[in-house]
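**Q**
In our numbering, the protein residues as written are 1106 to 1302.
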């Protein structure tokens, strides 16, 4: 049984600010990804390995150059990823899919506009964040600067926002010593974030 897409798949392995991606050309090759295939591609031991699989397709919307789809390693599709958008824009240029400096990507979270700069960097206009709990979504009685969040028997103070998809921000005294590996998964799946972070 074949789990991975067919041999000859046009893709690149890319990274941006600590996130790594498998970026797939869905413009010049017909492709439908299943959650199982995404999981297989993202598997770091038996697949290519990545945080997310990015699929670029021709857009049906006239105002967008491409449809930009983002899949987490578990196969779920998400609304936005800024680091991924920067890699996807670079992929578009390097693969000759467009020579435009400013692109428009259609995402589940709306339109975003990556721009390729003369120095090779890519910037992305991600839109305006929302801090309103129901719009994030985040379970809270009212909007606040930060919220108490019970994690691993302690109360953390986290800011909650969405810029296409939910985010949690935790201020720490020392980034290098922050217990990201233990707190991260617990915050990500906390019941107060019904769509995860």
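Ideal Cβ placement from N, Cα and C applies to all residues, glycine included.
Using a 10 Å radius around the Cβ and a threshold of 16 neighbouring Cβ atoms, would you call residue 1168 buried or exposed?
**A** With fewer than 16 other Cβ atoms within 10 Å, it is exposed.
**Q** Helix, strand or coil, according to DSSP, for residue 1273 in the structure here?
**A** Residue 1273: strand per DSSP, three-state reduction.
**Q** Where in the segment 1181–1228 do unbroken runs of the alpha helix (DSSP H), each at least 4 residues long, occur, reported from the N-terminal end onward?
**A** Within the segment 1181–1228, the complete alpha helix (DSSP H) runs of at least 4 residues are 1187–1199.
**Q** For a test of the three-state rule: what should DSSP assign to residue 1293, helix, strand or coil?
**A** Reduced to three states, the DSSP call for residue 1293 is helix.
**Q** Here's a check: name, in chain order, each residue in its chain whose Cβ is nearer than 7 Å to the Cβ of residue 1294, leaving out the five neighbours to either side.
**A** Excluding residues within five positions, the ones whose Cβ falls inside 7 Å are 1301.
**Q** How far does the beta strand (DSSP E) with residue 1157 in it extend, from its first residue to its last?
**A** Where residue 1157 is concerned, the enclosing beta strand (DSSP E) stretches over 1157–1163.
**Q** Applying the 10 Å Cβ sphere with the 16-neighbour rule, what's the burial state of residue 1276?
**A** Exposed is the call here.
**Q** So residue 1149 and residue 1162 are in contact, right, with Cβ under 8 Å, and what is the actual spacing, rounded?
**A** Contact flag wrong, Cβ pair sits at about 25 Å.
**Q** With distance defined between alpha-carbon atoms, name the residue in 1282, 1178 and 1170 nearest to residue 1146.
**A** The shortest C-alpha separation from residue 1146 is found at 1178.
**Q** Less than 7 Å between the C-beta atoms of residue 1195 and residue 1227, yes or no?
**A** A contact, by the Cβ cut-off of 7 Å.
**Q** Beta-carbon within less than 6 Å of residue 1213's beta-carbon, same chain only, minus the 5 sequence neighbours each way: which residues are those?
**A** Cβ neighbours of residue 1213 beyond the five flanking positions: 1184.
**Q** Would you decide whether residue 1127 is buried or exposed? Buried here means 16 or more other CB atoms lie within 10 Å of its CB.
**A** With 16 or more other Cβ atoms within 10 Å, it is buried.
**Q** Using the rule of at least 16 other Cβ atoms within 10 Å of the residue's Cβ for burial, across every protein chain shown, is residue 1210 buried or exposed?
**A** By the 10 Å Cβ count, residue 1210 comes out buried.
**Q** Could you pull out every residue in the same chain whose Cβ sits closer than 6 Å to the Cβ of residue 1125, ignoring the five residues on either side in sequence?
**A** Within the same chain, residue 1125 has close Cβ partners 1155 and 1156.
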